[in-house]
Amino acid sequence: MLKNRQIAFIGAGAMGGAMISGVLACNIVEPGQIIASDPRRDVCDALKLKYGVDVTTNNVVACKDSNVIVLSVKPQVLNEVFKVLSGSIESDALVISIVAGAKLSTLVAGLNHKSVIRCMPNTPAQIGQGISVWTGSTGVSRLQNKQTKVILESLGREIHVDDEKYIDMATALTGSGPAYIYLFIEALVEAGVNIGFSKTEAEELVRTTVVGSVAYAMESVENVSDLRAQVTSPGGTTEAAVDFLEAEDFRTIVSNAVSAAYQRAIELGQNN
Ligand SMILES: NC(=O)c1ccc[n+]([C@@H]2O[C@H](COP(=O)([O-])OP(=O)(O)OC[C@H]3O[C@@H](n4cnc5c(N)ncnc54)[C@H](OP(=O)(O)O)[C@@H]3O)[C@@H](O)[C@H]2O)c1
């Protein structure tokens, strides 16, 4: 479906790079079908060396002859990108934006282009284990929807939504989600060091515990509360820790953190 298609990545930082890695690992496109545009020459050179993709520091050059254009810049530079790209995108090209907060109406008007997908992926995409939530403007054709699905499936799971509000919600839960998990891992490793493990030992123990627990939860038919209860015997060690977390309002802290991310996603949309 993506044979003879050229895909441009406008901005190839953390997430753009993760997506390039993901689509190549899945073999849905060849390196020669990808052109990555980033302002820094050293970033371009590193991408070319790592993935064998074409690179440029000029966004217009990247979009010329590209059938799919992935916008993966920070929201703060979006207006600058609009100025350069408005009128430079082929009329039958598909634009896929992963820019947090940027609404479909803003993207369609800013790029002066009718076929735009708004998507929220996450960084596990680079090993095919991401999750992407997406929706499209009315100008997106059936074929372009299918192409989007193929690209996003190569990055892990994909979920299409009809209502755009779910994209800001997914931004807070799954786009930022890996950072919450890594913060928890960091905190657990520090806790392990505090009770006497070396950093290396604690990292190994914590990473393996997290991977095993998540894999088990994914395979189990039971819900996670039941799985937690199985580890928590009355009067035991786990209960001592869980009671402490509950007393300190761990759930409210997590919920307020996700709400803060959600509010920020909405704010970014209002600024753009
Ligand atoms: N990181 C995530 O986990 C994640 C998840 C989902 C969605 N997103 C979204 O993905 C977008 C990119 O995030 P990121 O984390 O990948 O940011 P990033 O690492 O900063 O990558 C953005 C890249 O765009 C480059 N850039 C700056 N101005 C540009 C321009 N005018 N034209 C082309 N490229 C330009 C930056 O170069 P310089 O560094 O030289 O400025 C940087 O290499 C954001 O909108 C974010 O909301 C990110």
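Residue 119 is where the sequence shown starts when you use the numbering used here, and the numbers rise one by one after that.
Beta carbons: idealized from backbone N, C-alpha and C, even for Gly.
query                                                                                                            : result
Cβ neighbours of Y380 in the same chain (closer than 6 Å, five flanking residues each side left out)             : A290
Per-residue burial, F127 [other beta carbons within 10 Å of its own, 16 or more giving buried]                   : buried
Ordered list of beta strand (DSSP E) runs contained in the stretch 203–234, each at least 3 residues             : 212–215
Coarse secondary structure for C144, derived from DSSP in three states                                           : coil
For A164 and T256, the rounded distance between their alpha carbons                                              : 37 Å
Extent of the continuous alpha helix (DSSP H) to which I313 belongs                                              : I313 -> no alpha helix (DSSP H), and no H or E assigned at all.
With 16 other Cβ atoms within 10 Å as the buried cut-off, status of S184                                         : buried
S377, DSSP secondary structure in three states                                                                   : helix
Inter-stretch contact at 8 Å, needing at least 3 Cβ pairs: the stretch 152–163 / the stretch 207–225             : no
Cβ-based burial, T266 [other Cβ within 10 Å; buried from 16]                                                     : buried
Closer than 6 Å: N240 CB and nearest ligand 1 heavy atom                                                         : yes
Residue environment, N240, which counts as buried when at least 16 other CB atoms sit within 10 Å                : buried
Close-in-space but distant-in-sequence residues of the same chain around L386 (CB under 6 Å, 5 per side omitted) : P193, A218, G219
Near ligand 1: S190 beta-carbon under 6 Å from a heavy atom                                                      : yes
Among G205, G134, Y300, H278, nearest to R236 - alpha-carbon criterion                                           : H278
Separation of P149 from G170, as counted between CA atoms                                                        : 6 Å
Where the alpha helix (DSSP H) containing L273 begins and where it ends                                          : It is not in any alpha helix (DSSP H) - L273 carries neither H nor E in the DSSP assignment.
F368 versus I125 - alpha carbon distance                                                                         : 43 Å
CB of S215 within 7 Å of CB of C181, strictly                                                                    : no
Q262 beta carbon less than 7 Å from that of L212                                                                 : yes
Cross-strand partners of V251 (DSSP beta bridge)                                                                 : M238, I277
Best match in Q247, D286, V179, E366 for proximity to V202 [C-alpha to C-alpha]                                  : V179
Under the three-state DSSP convention, the category T350 falls into                                              : coil
Any non-hydrogen atom of ligand 1 closer than 6 Å to N177 Cβ                                                     : yes
Cβ-based burial, G228 [other Cβ within 10 Å; buried from 16]                                                     : buried
V251 burial status per 10 Å Cβ neighbour count (16 or more: buried)                                              : buried
Closer than 6 Å: R158 CB and nearest ligand 1 heavy atom                                                         : yes
Near ligand 1: A375 beta-carbon under 6 Å from a heavy atom                                                      : no
Backbone secondary structure at V339 - three-state DSSP                                                          : coil
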